[in-house]
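If you read the protein sequences in the order shown, they are chains E and P.
Going by the UniProt record's numbering, the residue at position 120 of the first sequence is 120; the numbering climbs one at a time, nothing skipped.
Going by the UniProt record's numbering, the residue at position 149 of the second sequence is 149; the numbering climbs one at a time, nothing skipped.
Ideal Cβ positions, reconstructed from N, Cα and C, are used throughout, including at glycine.
All values reported here derive from a predicted model rather than from experimental measurement.
For reference, the structure is listed below as structure tokens.
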Amino acid sequence: MRKFSYDFERPLVELEEQLEQLKHLESAEKADIAEEIAYLEKQIEKLHIRTYENLTPWQRVQIARHPDRPRTSDYIEAIFTDFIELHGDRAFRDDQSIIGGFARLDGRKVMIIGHQKGRNTKENIARNFGMPHPEGYRKALRLMKLADKFRLPLITFVDTQGAYPGIEAEERGQAVAIAQDLLELSVLEVPVIVAVIGEGGSGGALAIGFGDRIIMLENAYYSVITPEGCASILWDGEGEGRGAEKAAEVLGLHADKLLELGIIDVIVKEPLGGAHHGPASVARGLKKELAKALKDLSSIDPNELVKKRYTRLRNIGYYTEYSGKPSVLDMQS
Amino acid sequence: MPIGEWFKKQDKRLPENPTLEKRAVPDGVWEKCPGCGEPIFIKELEKNSKVCPKCDFHFPLSAYERVHYLVDASSFDELWANLCPEDPLCFVAGKSYTDSISAAKAKTGMNDALVCGRAQIDGRNVAVAAMDFRFIGGSMGSVVGEKIARITELATDEDRPLIIVSSSGGARMQEGMISLMQMAKTSAAIAHHSRRGLPYISVLAHPTSGGVTASFATLADIIIAEPNAFIGFTGPRVIEQTIKQKLPKNFQTAEFNLDHGMIDMIVNRVDMKRTISRLLDYLDVNGVVG
């Protein structure tokens, strides 16, 4: 039985529970209900497809947040070997909402940095639900410099609702910690490969969220602001519920849209219902793309890599440039 | 004639402050100070960089006024004023983004929330940019990001110090991820300017927050704030909702940021140009003036 489900999954979960009861009945009472069970299984299969094949943007955000969704540490375990975790920002403390260290991908040495959410309440408290303080971003900065110094390609995993919004975070310079990561990422002379695996919430995600190749899981989201944050600005007080649903629709935060806009490069498919319905297959798909990116980028000269990364960023933007004089300024004078 | 031209020829023909001139002030002579409530003679206010002579309250400034009070008269040569925003997501949520843009254009006479160009400060060549909070909260979308990148590149190519005055709510929501990526784009441009050994001074005006604080605005060699300016990453309402506590008094002010080591100094706007000029003197590796 499922431990956790969203409202839109309820009808499916109810059928699954019925099936379980029937099976229990069958084995306990030796009742001859094989036909009923077969029928119900078929119904469940149909409903499973119906529930998940046409998810709304908001439902996909919920899937990206699912408590059973694979975390950074799960992908590290499934994809890499010989992971050596490194800790601390050398200034204040070790922020466990960002993890990182050395690892090998098919034998090739790399540096990993990723947001880390917990599996349960206890873990989540230790990991601050994957929402870093400035120390987390400074640990990331330290590991970026280490990667640069020892010529290790950098692979990042993005999975945060955002940088932690708290008093201490502001006191210790949340903004500047993120800004310094952005600056460093732009000049790293090693390949930078990004995997957006769950939530890509705003600046707190971007701090380790751009590079030479950006891979995104099908149901992950990457957004300038969380749907709730957007809703509370647009429709004051309607942050939860319907407001967030509407916001998820207008923000264009899913992989297909971001591929169309040229923000990301490639999408890794998830099984119907989300990555937690088949973590192994998602890890395989992700590994394939990471290896491909590593192969493609490794042959590029370091200076060229930095130049290309810059050009890529420079090309992101939609604006019109009127030649000559006509502009709104002229009309006014 | 573009507004930028006014700075070149303002000495005789045009009023000292173009934006003030255009605004409808009931009697056009007095303005009530929101800080101390005292009526102030507008001429006197303008002469004092729009800082209340009685209580030091810093009146909000348009981007053109910012430039006006910061650089040598007639030295400002505006660039890329014709960059206009688009609506890549066809963003409609209650109000449409295109309506917001039209309203902001009408209100400010600008095409987006940033003005930039070449200028001189006490005869020294600089590249300058200033944000305008009146234009959709000074938010950074494609146009602001592009102009910051271009002016930074120009400064890099022409060996000019860079001065940016920020006043912004952060990344512009209505352009989605494209806005968020402007943080990376502007930071990258700053990185290349810095690697060239050139100075960058960032001035944080009320309010500077979100994606602007977390990108180019805090990546400067020297960070200056105006007194009492709000400076932070997350807005106080969101923090309060998250931690369910009252926030300390003074939280996220310029003074709070100075206490916590986030900025170099707080400078009264009246002294801003002089201070920047003195700093540039120290930061000038070539010793070239003018």
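What is the DSSP secondary structure of residue i, reduced to helix, strand or coil?
| i | result |
| --- | --- |
| Ile-224/P | strand |
| Met-131/P | strand |
| Cys-230/E | helix |
| Leu-15/E | helix |
| Thr-56/E | coil |
| Tyr-6/E | coil |
| Asn-125/P | strand |
| Gln-180/E | helix |
| Arg-195/P | helix |
| Arg-309/E | helix |
| Pro-85/P | strand |
| Ile-225/E | coil |
| Gly-204/E | helix |
| Lys-50/P | coil |
| Asp-256/E | helix |
| Glu-20/E | helix |
| Met-216/E | strand |
| Gln-43/E | helix |
| Glu-26/E | helix |
| His-133/E | coil |
| Phe-92/E | coil |
| Phe-256/P | helix |
| Arg-118/P | strand |
| Ala-171/P | strand |
Output needed for residue i: all residues of its chain with C-beta closer than 8 Å, excluding positions within five of it in sequence on either side, in chain order.
| i | result |
| --- | --- |
| Tyr-319/E | none |
| Arg-23/P | Residue placement at Arg-23/P is flagged as unreliable, the pLDDT there being 47, under the threshold of 50; the coordinate-derived value follows with that caveat. Hits under 8 Å: none found. |
| His-48/E | Leu-12, Leu-272 and Gly-273 |
| Cys-36/P | Cys-52, Lys-54, Cys-55 and Phe-57 |
| Ile-79/E | Leu-105, Ala-283, Leu-286, Lys-287 and Leu-290 |
I'd like the list of long-range same chain contacts for residue i, defined as Cβ closer than 7 Å, with 5 residues on each side in sequence excluded.
| i | result |
| --- | --- |
| Glu-218/E | Ala-255, Ile-267, Val-268, Lys-269 and Glu-270 |
| His-277/E | Pro-271 |
| Glu-146/P | Leu-83 |
| Gly-232/P | Ser-209, Thr-213 and Gln-252 |
For the beta strand (DSSP E) containing residue i, name the first residue and the last one.
| i | result |
| --- | --- |
| Val-110/E | 108-115 |
| Asp-77/P | 77-79 |
| Lys-269/E | Per DSSP, Lys-269/E belongs to no beta strand (DSSP E) and is neither H nor E. |
| His-206/P | 200-208 |
| Arg-104/E | 98-105 |
| Ser-100/P | Segment 97-108 is the alpha helix (DSSP H) holding Ser-100/P; no beta strand (DSSP E) there. |
| Asp-68/E | Careful: Asp-68/E lies outside any beta strand (DSSP E) and carries neither H nor E. |
| Glu-321/E | 319-321 |
| Val-165/P | 162-168 |
Which two residues bound the contiguous alpha helix (DSSP H) that contains residue i?
| i | result |
| --- | --- |
| Leu-283/P | 272-283 |
| Asp-82/E | Counting along the chain, Asp-82/E falls outside any alpha helix (DSSP H), though it belongs to the beta strand (DSSP E) covering 81-85. |
| Ile-148/P | 142-157 |
| Gly-200/E | Per DSSP, Gly-200/E belongs to no alpha helix (DSSP H); it is in the beta strand (DSSP E), 192-201. |
| Lys-288/E | 279-298 |
| Val-71/P | Careful: Val-71/P lies outside any alpha helix (DSSP H) and carries neither H nor E. |
| Lys-249/P | Where Lys-249/P is concerned, there is no enclosing alpha helix (DSSP H), given that its DSSP letter is neither H nor E. |
| Gly-238/P | The question names Gly, but residue 238/P in the sequence shown is Val. Where Val-238/P is concerned, the enclosing alpha helix (DSSP H) stretches over 236-243. |
| Thr-218/P | It is not in any alpha helix (DSSP H) - Thr-218/P carries neither H nor E in the DSSP assignment. |
| Ile-167/E | 167-171 |
Do residue j and residue i come within 8 Å of each other at the CB atom, strictly closer than that value?
| i | j | result |
| --- | --- | --- |
| Tyr-221/E | Ala-64/E | yes |
| Val-285/P | Gly-176/P | no |
| Trp-58/E | Ala-291/E | no |
| Leu-305/E | Glu-189/E | yes |
| Met-140/P | Ala-104/P | no |
| Asp-181/E | Leu-146/E | no |
| Phe-129/E | Lys-117/E | yes |
| Leu-55/E | Ile-37/E | no |
| Pro-199/P | Ser-167/P | no |
| Gly-200/E | Gly-209/E | yes |
| Val-270/P | Asn-48/P | yes |
Let me check you understand the geometry: is the CB of residue i closer than 7 Å to at least one non-hydrogen atom of the ligand GTP?
| i | result |
| --- | --- |
| Val-238/P | Summarising the ligand content, the structure contains no ligands, and the ligand GTP is consequently not present. |
Cutting at 6 Å between CB atoms, please list the residues of its own chain near residue i, excluding the five before and the five after it.
| i | result |
| --- | --- |
| Tyr-52/E | Leu-272 and Gly-273 |
| Lys-273/P | Leu-70 |
| Asn-124/E | Gly-118 |
| Ile-224/P | Val-203, Met-265 and Val-267 |
| Ile-178/E | Tyr-137, Gly-203 and Ala-207 |
| Asp-94/E | His-87 and Gly-88 |
*Residues in the segment 223-256 of chain E with C-beta within 9 Å of chain P's C-beta atoms, listed in sequence order?*
Ser-223, Val-224, Ile-225, Gly-229, Cys-230, Ala-231, Ser-232, Ile-233, Leu-234, Trp-235, Gly-239, Lys-246, Ala-247, Glu-249, Val-250, Leu-251, Gly-252 and Leu-253
*Listed from N- to C-terminal order along the chain, which residues in the segment 90-105 of chain E have their beta-carbon within a distance smaller than 8 Å of any beta-carbon of chain P?*
none
_Please list, in chain order, the residues of the segment 84-101 of chain P that have any C-beta partner in chain E closer than 7 Å._
Cys-84, Pro-85, Glu-86, Pro-88, Leu-89, Phe-91, Val-92, Ala-93 and Gly-94
*Members of the segment 184-200 of chain E near chain P, C-beta cut-off 9 Å*: Glu-184, Leu-185, Ser-186, Val-187 and Gly-200
*Between the segment 148-160 of chain E and chain P, which residues of the former have CB atoms less than 9 Å from a CB of the latter, in chain order?*
none
*Going along the chain, which residues of the segment 310-325 of chain E sit with their C-beta nearer than 7 Å to a C-beta in chain P?*
Tyr-310, Leu-313, Arg-314, Ile-316, Gly-317, Tyr-318, Tyr-319, Thr-320, Glu-321 and Tyr-322
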